[in-house]
Amino acid sequence: MFKAFVDSILNFFRSLFWKQEMELTLVGLQGSGKTTLVNVISYGSFIEDTIPTIGFNMKKVTKGNVTIKLWDIGGQPRFRGMWERYCRGVNAIVFVIDAADKEKFEQSKQALHDLINKPPLANIPLLVVANKNDLPNAAGTDEIIQVLDLRSIEGREVCCYSISAKNSVNIDITLEWLVKHSSSISK
Numbered sequence: 748m749f750k751a752f753v754d755s756i757l758n759f760f761r762s763l764f765w766k767q768e769m770e771l772t773l774v775g776l777q778g779s780g781k782t783t784l785v786n787v788i789s790y791g792s793f794i795e796d797t798i799p800t801i802g803f804n805m806k807k808v809t810k811g812n813v814t815i816k817l818w819d820i821g822g823q824p825r826f827r828g829m830w831e832r833y834c835r836g837v838n839a840i841v842f843v844i845d846a847a848d849k850e851k852f853e854q855s856k857q858a859l860h861d862l863i864n865k866p867p868l869a870n871i872p873l874l875v876v877a878n879k880n881d882l883p884n885a886a887g888t889d890e891i892i893q894v895l896d897l898r899s900i901e902g903r904e905v906c907c908y909s910i911s912a913k914n915s916v917n918i919d920i921t922l923e924w925l926v927k928h929s930s931s932i933s934k
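Heads up, the final residue of the sequence shown is numbered 934 in this note's numbering, and it's a clean run with no missing numbers.
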């Protein structure tokens, strides 16, 4: 308890003097849960009637001493050409996949590899979020790593988490990973 108190005091002073900002882009096929994840990060809870993103949305969220700018880009085929533009210069790319929709795994793999093989996006860390792990038959992290061929990706940090944005499962570790990547920003 004393350690938690000291940590909270230290975090308060850090927030006064060492504010960090980071920019993230969330991409993935339509219906994967990108907007739901942004809403859970922004508001702390699931919003039942989430409207699919047409084009893009941007939200700014402050977590501790880090302000996160979240770009949520539509996943429909007509918007995928915009993905690269919104991924340039960000601190991390977050690729969201519906872990329960196995029929779209190959399409997700193709979209992901098409994106990360763009030269301007070299070296940008990649977080793959296997969303909807609350649904029956949702693929686990190991299966997602295999079907998306994540082990073949070189030249960047790659991480994969299984989450449920709806039930706020593993949102905390997802945020920890993202905040960790804010440290690469010049202040």
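Just so you know, even glycine gets a beta-carbon here, dropped at the ideal spot from N, CA and C. Note that this is a predicted model, so its numbers are computed, not measured.
Beta-carbon proximity check, residue i vs residue j, cutoff 8 Å
i, j, result
"V875", "L773", "no"
"I900", "I863", "yes"
"G775", "S855", "yes"
"I920", "V787", "no"
"E955", "K865", "A query on residue 955 cannot be resolved here, the shown segment of the chain reaching from 748 to 934 and no further."
Cβ-based burial, residue i [other Cβ within 10 Å; buried from 16]
i, result
"N870", "exposed"
"I932", "Confidence in I932 is poor, its pLDDT being 45 and thus under 50, which makes the residue's placement too unreliable to answer from."
"L882", "exposed"
"D861", "exposed"
"K913", "buried"
"D889", "exposed"
"Q767", "buried"
Top-ranked residue by Cα proximity to residue i, from the options
i, options, result
"L925", "D896, R903, P872 and N914", "P872"
"D796", "Q854, G780, L922 and F803", "G780"
"A858", "R827, N880 and P867", "R827"
"L895", "K810, K849, V916 and H928", "K849"
"S789", "L882, E768 and T814", "T814"
"N880", "L922, M829, K807 and S909", "S909"
"T800", "T782, A885 and A886", "T782"
"A885", "L897, R898 and K851", "K851"
"E853", "R835, Y833 and L897", "L897"
For residue j and residue i, the rounded distance between their alpha carbons
i, j, result
"G802", "R825", "9 Å"
"P867", "M805", "21 Å"
"L922", "L784", "11 Å"
"K927", "R903", "15 Å"
"S911", "G887", "12 Å"
"V837", "M829", "14 Å"
"G791", "V841", "18 Å"
Cβ distance (whole Å) where residue i is taken to contact residue j below 8 Å
i, j, result
"I892", "C907", "5 Å"
"E770", "K816", "5 Å"
"V839", "A877", "Looking at the sequence shown, residue 839 is not Val but Ala. Not confirmed; about 16 Å, so no contact."
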